[in-house]
Amino acid sequence: MASTAEKIMTDAMKLPPELRAFVAEKLIESLDIPDASALPQKWKKEIHRRCVEIERGEVKLRAAGAVFARAYAKYSATQYEGRLHNKSRT
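If you want this note's numbering, it's the position in the sequence shown, counting the first as 1, plus 13.
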């Protein structure tokens with residue numbers, strides 16, 4: 014198996030950078046995605062619906078970093094304010 018992996022790596026390193034990036038991305042995705050056949054049909058339909066909306070430009074995508082930063086700011090502030098409010102009651 015090691016020789017097969019070594020050959021794959023050697024061949025992959027000969028690819029142009031954009032193709033190496035594509036291969037790397039697909040390999041990483043394969044680690045994160047559970048077996049698609051195990052997904053309930055309801056979720057498969059939902060995923061398909063959302064992909065179609067994105068492809069048609071019907072939804073506005075936002076950068077994950079910006080979404081998380083906003084959520085952290087909102088909920089961190091809310092939790093902090095809640096602690097201040099609770100302390101003022103005692």
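Glycine included, each C-beta is placed from N, C-alpha and C at the ideal position.
The model shown is predicted, which means the values in this text are computed figures rather than measured ones.
Limits of the unbroken alpha helix (DSSP H) element including residue i
| i | result |
| --- | --- |
| residue 63 | 54–69 |
| residue 75 | From DSSP, residue 75 is part of no alpha helix (DSSP H); its letter is neither H nor E. |
| residue 30 | 30–45 |
C-alpha distance - residue i paired with residue j, whole-angstrom precision
| i | j | result |
| --- | --- | --- |
| residue 42 | residue 35 | 10 angstroms |
| residue 88 | residue 52 | 31 angstroms |
| residue 68 | residue 84 | 26 angstroms |
| residue 1 | residue 17 | Residue 1 is absent from the structure shown; the chain starts at 14 and stops at 103. |
| residue 60 | residue 23 | 36 angstroms |
| residue 66 | residue 25 | 34 angstroms |
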